[in-house]
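A.B. asks:
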Amino acid sequence: MHRPSPDLRDGTLVVRQGQASDAPAILAFFQANRTAFGPVEPRRPDNFYTLESCHMRLAMHRNQLEEGRSACLFVFDADNRTVIGTVNFTNISGYPHYGATLGYSLAQSEWGKGRMVQALRLALDWLFEAFNLHRVAANHLPDNERSARVLAKLGFKQEGYAPDYLLIDGIWRDHVLTALTHTDWQARDLHAPLIVDGTGAPQK
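Below you can see the structure in the form of structure tokens.
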């Protein structure tokens, strides 16, 4: 199933897939925020911060969206040229899970302005519709109160706590597990019957 690359706008920002021409702006974003992101993200090799690596990742993003495996998007300022963040939906799966995992980042210069919430609202609305998903999971470090507030504003609910969940900046770190469920989900696939009660009985 072909899914067109999203171009999501609300007048103050743009959320879309990166193009080859965006590579310098994407690289500038990661370079400018390398220190800020270090304590909350897995370590990246030095060659990550090169144009060659950026072009390779953009090509991979295009292929994975076409295959329906992930949707790795960038957040641009209203000028549609300056990169201020990322929104990544990975581990996208269909029947019977219909779910994905969300990861995101925002330029330090934009913190505290509500822009991540804006970008994620646009991206989540698109994702649920384009992939007909039922559930999106998102996890954060226990001391990352800013991320916790973002997810709460979007309706994510805490579901658990995972010790030593991810290797962050070279250290195994616990994570709070949250998820957002699309309660109005309806089956589009004829091979995916709706479940109408707690017994597991499919709709006739």
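In our numbering, the protein residues as written are 42 to 245. Backbone N, C-alpha and C define an ideal beta-carbon position, used for all residues, glycine too. Computed from a prediction, not measured in an experiment: that's the story for all the values here.
(1) Just curious, the alpha helix (DSSP H) that D166 is in, first and last residue?
(2) With H96 as the anchor, note down where its beta strand (DSSP E) starts and where it stops.
(3) With DSSP as the reference, label T53 as helix, strand or coil.
(4) Check L255 in the structure and name its three-state DSSP category.
(5) Assess, as a yes-or-no matter, whether the stretch 118–128 is touched by the stretch 86–100 under the definition of 3 or more beta carbon pairs within less than 8 Å.
(6) Can you round the beta-carbon distance between H102 and C113 to whole angstroms, since I take them to be within the 8 Å contact cut?
(7) In angstroms, rounded to a whole number, what distance separates the CA positions of I209 and A189?
(8) Tell me, please, which residues DSSP counts as bridged to S111.
C.D. replies: Reading it off the structure:
(1) 156–172
(2) Not the beta strand (DSSP E): H96 falls in the alpha helix (DSSP H), residues 92–107.
(3) coil
(4) The question about residue 255 has no answer, for the chain in this structure spans 42 to 245.
(5) Three or more Cβ pairs closer than 8 Å define a contact, and the stretch 86–100 falls short of that threshold against the stretch 118–128.
(6) Taking a contact as a CB-CB distance under 8 Å, the pair H102 and C113 counts as one, their CB atoms being some 4 Å apart.
(7) About 17 Å.
(8) Bridge partners of S111: none, in fact.
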